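Student: Residue numbers (this note's numbering), protein chains in the order written: chain A, -11 to 625; chain B, 24 to 179.
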Amino acid sequence: MPVLKNISELNDFRKQAKAQLSDREDNKLTIILGMGTCGIAAGANQVADAVRSELKKHKIDAEIVNVGCIGMCHNEPLLDIQQPGQPRITYKNVKPAMVGKIIEKHLLNGEFSKRWIYGQLPARDGTTVEGIPTYAELPFYGKQVRIALKNCGIIDPESIEEYLVSGGYGGLEKALFQMTPDEVIEEMKDSGLRGRGGAGFLTGLKWEFCRKAKNTPKYLICNADEGDPGAFMDRSVLEGDPHALLEGMIIAAYAIGATEGYIYCRAEYPLAIERLKIAIKQAYTFGLLGNNILGSKVVFNLKIKEGAGAFVCGEETALIASIEGKRGEPRPRPPYPAVAGLWGKPTNVNNVKSFAIASQIMMNGADWFNHIGTKKSTGTAVFALTGKIKNTGLIEVPMGITLREIIYDIGGGVPNKKEFKAVQTGGPLGGCLPAEALDTPVDFDSLTAAGATMGSGGMIVVDQDTCMVELARYFLTFASAESCGKCVPCRIGGQRLLEVLTKITNGEGTLADLDEIERISKYMQEGSLCALGQLTPGPVLASLKFFREEYEAHVTEKFCEAGVCEGMFTYEIDPDPCTGCGLCAKACPTEAITGEKKEPHVIDQSTCIQCGACYDVCNFGAVLVKRKHELTVIEPI
Amino acid sequence: MSDNGIDVGLIKPILEEFRDQKGAVIPILQHTQELYGYLPEDAMQEISKRSGISISQLYGVATFYSQFNLEPRGKHIIQVCDGTACHVKGAPKLVAAVEDEFNLKAGGSDPEFEYTLEIVYCLGSCGLAPIALVDGQVYGNTTADSLVENIKEVEK
Chain A
-11 MPVLKNISEL NDFRKQAKAQ LSDREDNKLT IILGMGTCGI AAGANQVADA
39 VRSELKKHKI DAEIVNVGCI GMCHNEPLLD IQQPGQPRIT YKNVKPAMVG
89 KIIEKHLLNG EFSKRWIYGQ LPARDGTTVE GIPTYAELPF YGKQVRIALK
139 NCGIIDPESI EEYLVSGGYG GLEKALFQMT PDEVIEEMKD SGLRGRGGAG
189 FLTGLKWEFC RKAKNTPKYL ICNADEGDPG AFMDRSVLEG DPHALLEGMI
239 IAAYAIGATE GYIYCRAEYP LAIERLKIAI KQAYTFGLLG NNILGSKVVF
289 NLKIKEGAGA FVCGEETALI ASIEGKRGEP RPRPPYPAVA GLWGKPTNVN
339 NVKSFAIASQ IMMNGADWFN HIGTKKSTGT AVFALTGKIK NTGLIEVPMG
389 ITLREIIYDI GGGVPNKKEF KAVQTGGPLG GCLPAEALDT PVDFDSLTAA
439 GATMGSGGMI VVDQDTCMVE LARYFLTFAS AESCGKCVPC RIGGQRLLEV
489 LTKITNGEGT LADLDEIERI SKYMQEGSLC ALGQLTPGPV LASLKFFREE
539 YEAHVTEKFC EAGVCEGMFT YEIDPDPCTG CGLCAKACPT EAITGEKKEP
589 HVIDQSTCIQ CGACYDVCNF GAVLVKRKHE LTVIEPI
Chain B
24 MSDNGIDVGL IKPILEEFRD QKGAVIPILQ HTQELYGYLP EDAMQEISKR
74 SGISISQLYG VATFYSQFNL EPRGKHIIQV CDGTACHVKG APKLVAAVED
124 EFNLKAGGSD PEFEYTLEIV YCLGSCGLAP IALVDGQVYG NTTADSLVEN
174 IKEVEK
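Given below as structure tokens:
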């Protein structure tokens, strides 16, 4: 295929790709495998091998298509079967041993193994199979509105043809040939899109600042340094729909007047980098990158820069320093990168999702976008829903939805009959919210007002077994280790906070330490150079605000109610729910648990090492976490 | 060959590849580390001599980013994710089990340099927490026992 020299060649190419894809859907058996990092971690490669050997065994001719992550981590590995003209039927939690049966039943006997089926995606003409729910009817998907994740897990990320058929590069076409750069910026401003990297600054306005800068050349950077532990939405877009990012970047480059661009991606995402490289190569081949894009005068060249492991490089000035080959240390702003960024030239930095959404806004218009979500936070939010929750995965919801809807309707609530305790948003620089705040609407401003932040979209649910003090200590371990050390409040403050929290979790804390936390936090928030230092105290302050009693129990009673902090609790078996099944006795490494069969068991406190093995295995909630001094005293008979 | 038995001649093609690129210190170090498994002092000297980048700048960058190692690493690399999701799902127990079983400390190697244990923050597969990597192979929903088992299997 030669370079596409104008719109009509692009449209011809799209038509041709569409005909080919329709032909496959109508005439060819297709097996679709979820091959994101998470799918592979769950065993998708072994499933793929099993599929190949079963197809060979039965002499079945089928096309095998690898797609990215559709967001249902809890159901991975996924296997979809699409027979000619039929809906796409998804099997969940597929193990290699199940593949033979699925293929035999589904393809040879025309039956469905319903208990293994998750749902179906209707065929092109709307055909569905009776008795199997469609994705839209399932709670996990029913409440979602997918814009940034539109194609993830649906199309083959290594095929530019499939991206084009999904309407891809239509936004670019509109921007380049029907709009001036200023009109593109106006459209973006009208859409109300706020940066999805966490800070929530208006994307259109950011573009305008850079456009107005006089100096040349101008640079465009995509921040794909997704360093928040517990967030993986950018990875999913990079792995599942890389052309969406490229399209958004080319549109932005046109609007700003940037001729060179970088995608700064974490080295920890090898698959994402591989798929990006393929997409960039395709875009060059078809004339969507390089000189005279689609026959226009627009020039834009794009490179990938691999990060080398530094959380602070998510901060834009640090990221720019890193691309320049320096230590990734932030610098004071102003001057903002829009004026003096990479190599001292005007530079615009946006997050992966912001670009992916921008291409959709160009395609469908600002009005379409700003009618989704709330007035001040338009559009959708993408969250990585993880932790103690039934349906872990990647979700995209309209702004304004409540935390309760996300956690209970989409996420299915907390598993194993445990109690919801808190939800952490915004990663190690965010904050947690307790059960009372579950009706908070999810948007930039409401979350901040409630004491958490939107951040880049990690949402981690914790239950009664998580100690909030230890969790705060954990976040501080991370944030203080990642402090670049350039400014004192962040470098020393983070360290000091960590020391205080460690003291408390070791059972040596005092009430004065709680005041000390607040004092250090205040100085860090006010005095730190960049967002890393300013936001490091966030998690500990939020948990201190909402879970002060738990902190107080740690310092005054030396008691950890979650049973996490060593030496600050003990276990006891409640005789009422105990059925005497003996599981705990078997699990106990020190043989501290004794009891007759079908009779309540007892823990010998002198040999118990509080490892928690009995607590973990008990199916009846009979093992309780107790204060050391409040053990039930059994009177001698 | 350097005095310490390092073939510094291998660095030349790397420097040629990046000769015309501005700010290429990080990719040069990444490629060098790929070559030796870590960044030996002799290699750093060689890069500095040939490229004119000062040795202090090279070490400044190498010590800033967690990806770079100045010490040799074990034959097998075990990475346990201690990202938030993995942490609340028991990553610390995995670390303790590996430390006990293979006689090493997180961030270091055993005396025979068979294994190196690294703690990493978020591999982006939080839905399958806790996650561990053994020589780049990802294991999801791991337990202390299954991880130790997986590590032992790699030897075979």
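Glycine residues also receive a C-beta, built at the ideal position from the N, C-alpha and C atoms. No experiment lies behind these values; they were computed from the predicted model shown.
1. Between which two residues does the beta strand (DSSP E) containing G446(A) stretch?
2. When the cut-off is 8 Å and only beta carbons count, does L151(B) lie next to chain A?
3. Could you list which residues in chain B have their beta carbon closer than 8 Å to that of Y79(A), in chain order?
4. Report yes if the CB atom of G32(B) is closer than 8 Å to the CB atom of R315(A), and no otherwise.
5. Taking CB distances under 8 Å as the criterion, tell me whether A187(A) reaches chain B.
6. Could you tell me the distance, in whole angstroms, from the CA atom of K491(A) to the CA atom of N358(A)?
7. Could you spell out where the beta strand (DSSP E) holding F209(A) opens and where it closes?
8. Under 8 Å between C-beta atoms, does R184(A) make it to chain B?
9. Can you grab the Cα-Cα spacing for the pair Q412(A) / V430(A), in whole Å?
10. Whose Cβ in chain B lies nearer than 8 Å to the Cβ of E420(A)?
11. Please report the Cβ distance between I581(A) and I597(A), rounded to the nearest whole angstrom; I am assuming they are in contact, meaning their Cβ atoms lie under 8 Å.
12. Quick one: give me the first and last residue of the beta strand (DSSP E) that D68(A) is part of.
13. Can you tell me whether DSSP reads E94(B) as helix, strand or coil?
14. What does Y462(A) touch in chain B if you count any residue whose Cβ is under 7 Å from its own?
15. Give me, in chain order, the residues of the same chain whose beta-carbon lies closer than 8 Å to that of I377(A); leave out the 5 immediate sequence neighbours on both sides.
16. Under 7 Å Cβ to Cβ from F41(B), same chain only, skipping five residues before and after it: list those, please.
17. Measure from the alpha carbon of C104(B) to the alpha carbon of each residue in V143(B), A167(B), S148(B), then state which is nearest.
18. Below 9 Å between beta carbons is the criterion; list the residues of the region 132 to 148 of chain B that meet it against any residue of chain A, in chain order.
19. Within the chosen definition, does the region 55 to 62 of chain B reach the region 93 to 101 of chain B through at least 3 CB pairs nearer than 8 Å?
20. Nearest chain A C-beta to Y82(B) closer than 8 Å, yes or no?
21. Could you say which of L164(A), F547(A), V528(A) lies nearest to C420(A) if we only look at CA atoms?
22. For D222(A), which residues from the same chain have a beta carbon less than 6 Å from its beta carbon, with the 5 sequence-adjacent residues on both sides left out?
23. What are the residues that DSSP puts in a beta bridge with V613(A)?
24. Using the rule of at least 16 other Cβ atoms within 10 Å of the residue's Cβ for burial, across every protein chain shown, is P334(A) buried or exposed?
25. Which runs of the alpha helix (DSSP H) at least 4 residues long sit entirely within the region 100 to 136 of chain B? Give them in chain order.
26. Along the region 33 to 51 of chain B, where does the CB come closer than 8 Å to a CB of chain A? Name the residues.
27. Here's a check: name, in chain order, each residue in its chain whose Cβ is nearer than 8 Å to the Cβ of L532(A), leaving out the five neighbours to either side.
28. With 16 other CB atoms within 10 Å as the buried threshold, where does Q348(A) fall?
29. Quick check on the DSSP output: what are the complete alpha helix (DSSP H) runs of length 4 or more inside the region 560 to 594 of chain A, in order along the chain?
30. Under 8 Å, do I143(A) and V55(A) count as touching if we go by C-beta distance?
31. Which chain B residues sit within Cβ distance under 8 Å of I292(A)?
32. Is I78(B) near the ligand SAM, judged by its Cβ being under 7 Å from some heavy atom?
33. Rounded to a whole number of angstroms, what is the C-alpha to C-alpha distance between N494(A) and T567(A)?
34. Using a Cβ-Cβ cut-off of less than 7 Å, list which residues of the region 63 to 97 of chain B approach chain A; keep chain order.
35. Using the rule of at least 16 other Cβ atoms within 10 Å of the residue's Cβ for burial, across every protein chain shown, is P75(A) buried or exposed?
36. How far does the beta strand (DSSP E) with L382(A) in it reach, from first residue to last?
Tutor: Looking at the coordinates:
1. Numbered from its first residue, the first sequence carries residue 446(A) at position 458. From DSSP, the beta strand (DSSP E) with G446(A) extends over 446 to 451.
2. As a working mapping, residue 151(B) is identified with position 128 in the second sequence. With its beta carbon less than 8 Å from one in chain A, L151(B) belongs to the interface.
3. Translated into positions along the first sequence, residue 79(A) becomes position 91. Taking a Cβ-Cβ threshold of 8 Å, none of the residues of chain B is close to Y79(A); the smallest such distance is about 18 Å.
4. By one-based count along the second sequence, residue 32(B) stands at place 9. By one-based count along the first sequence, residue 315(A) stands at place 327. With respect to the 8 Å criterion, G32(B) and R315(A) are not classified as neighbours on the basis of their beta carbons.
5. Your numbering for residue 187(A) matches position 199 in the first sequence. No, A187(A) does not count as interfacial toward chain B.
6. Along the first sequence, one-based indexing puts residue 491(A) at 503. Along the first sequence, one-based indexing puts residue 358(A) at 370. For K491(A) and N358(A), the distance between alpha carbons rounds to 48 Å.
7. Reading the first sequence from its first residue, position 221 is the one you call residue 209(A). First, the amino acid is wrong: residue 209(A) is Ile here, not Phe. Here the beta strand (DSSP E) through I209(A) covers 207 to 212.
8. Counting from one through the first sequence, the residue named residue 184(A) turns up at place 196. No - not a single Cβ of chain B is within 8 Å of the one on R184(A).
9. Counting from 1 along the first sequence, the entry for residue 412(A) is found at position 424. Counting from 1 along the first sequence, the entry for residue 430(A) is found at position 442. Straight-line measurement puts the Cα of V430(A) at about 13 Å from the Cα of Q412(A).
10. Position 432 of the first sequence, counted from the start, is the residue given in the question as residue 420(A). Strictly speaking, residue 420(A) in this sequence is Cys, with Glu absent from that position. What C420(A) touches in chain B: nothing, since even the nearest Cβ is about 11 Å away.
11. The residue you call residue 581(A) lines up with position 593 of the first sequence. The residue you call residue 597(A) lines up with position 609 of the first sequence. Actually they are not in contact, since the Cβ atoms of I581(A) and I597(A) sit about 12 Å apart, beyond 8 Å.
12. Residue mapping note: residue 68(A) aligns to position 80 of the first sequence, counting from 1. Looking at the DSSP string, the run of the beta strand (DSSP E) that includes D68(A) is 67 to 70.
13. The count along the second sequence starts at 1 and reaches residue 94(B) at position 71. Residue state, collapsed to three classes: coil.
14. For the purposes of this step, residue 462(A) is taken as residue 474 along the first sequence, with counting starting at 1. Contact note: Y462(A) reaches chain B through H110, using a C-beta cutoff of 7 Å and chain order.
15. For the purposes of this step, residue 377(A) is taken as residue 389 along the first sequence, with counting starting at 1. I395, G399, G400, G401, V402, P403, V449.
16. Your numbering for residue 41(B) matches position 18 in the second sequence. Excluding its 5 nearest sequence neighbours in each direction, F41(B) has C-beta neighbours in its own chain below 7 Å: A47, P50, I51, listed in chain order.
17. Position 81 of the second sequence, counted from the first residue, corresponds to residue 104(B). With distances taken between CA atoms, C104(B) lies nearest to V143(B) out of V143(B), A167(B), S148(B).
18. Here the close residues are V143, Y144, C145, L146, G147, S148.
19. The region 55 to 62 of chain B, when compared against the region 93 to 101 of chain B, does touch it at the 8 Å Cβ threshold.
20. Counted from its first residue, the second sequence places residue 82(B) at position 59. No, Y82(B) does not count as interfacial toward chain A.
21. As a first step, residue 420(A) must be located in the first sequence, where it is residue number 432. Closest option to C420(A), Cα to Cα, is V528(A).
22. As a first step, residue 222(A) must be located in the first sequence, where it is residue number 234. Correct list, in chain order: A212, E214, V340.
23. Along the first sequence, one-based indexing puts residue 613(A) at 625. Secondary-structure assignment with DSSP links V613(A) through a beta bridge to Y559(A).
24. On the first sequence, residue 334(A) is found 346 positions in, with the first residue counted as 1. Buried, since its Cβ has 16 or more Cβ neighbours within 10 Å.
25. Counting only runs of 4 or more, we get 107 to 111, 114 to 125.
26. Across the region 33 to 51 of chain B, CB contacts with chain A closer than 8 Å involve K45, G46, A47, V48, I49, P50, in sequence order along the chain.
27. Locating residue 532(A) in the first sequence gives position 544, where the first residue counts as 1. Closer than 8 Å at Cβ, skipping near neighbours: A460, L502, I505, E506, Y539.
28. Locating residue 348(A) in the first sequence gives position 360, where the first residue counts as 1. Burial call: buried.
29. Here the runs fully enclosed are 571 to 575.
30. The residue you call residue 143(A) lines up with position 155 of the first sequence. The residue you call residue 55(A) lines up with position 67 of the first sequence. For I143(A) and V55(A), yes; Cβs fall inside 8 Å.
31. By 1-based counting over the first sequence, the position of residue 292(A) is 304. Within chain B, no residue comes near I292(A); the closest Cβ sits about 10 Å away, beyond 8 Å.
32. Ligands displayed in this structure: none; no statement on the ligand SAM is therefore possible.
33. As a working mapping, residue 494(A) is identified with position 506 in the first sequence. As a working mapping, residue 567(A) is identified with position 579 in the first sequence. Cα-Cα distance, rounded: 34 Å.
34. Residues passing the 7 Å Cβ filter: G83, V84, F87, Y88, S89, Q90, F91.
35. The sequence position of residue 75(A) within the first sequence is 87, counting from 1. With at least 16 other beta carbons inside 10 angstroms of its own, P75(A) counts as buried.
36. Taking the first sequence and counting its residues from 1, one reaches residue 382(A) at position 394. For L382(A), the enclosing beta strand (DSSP E) covers residues 381 to 386.
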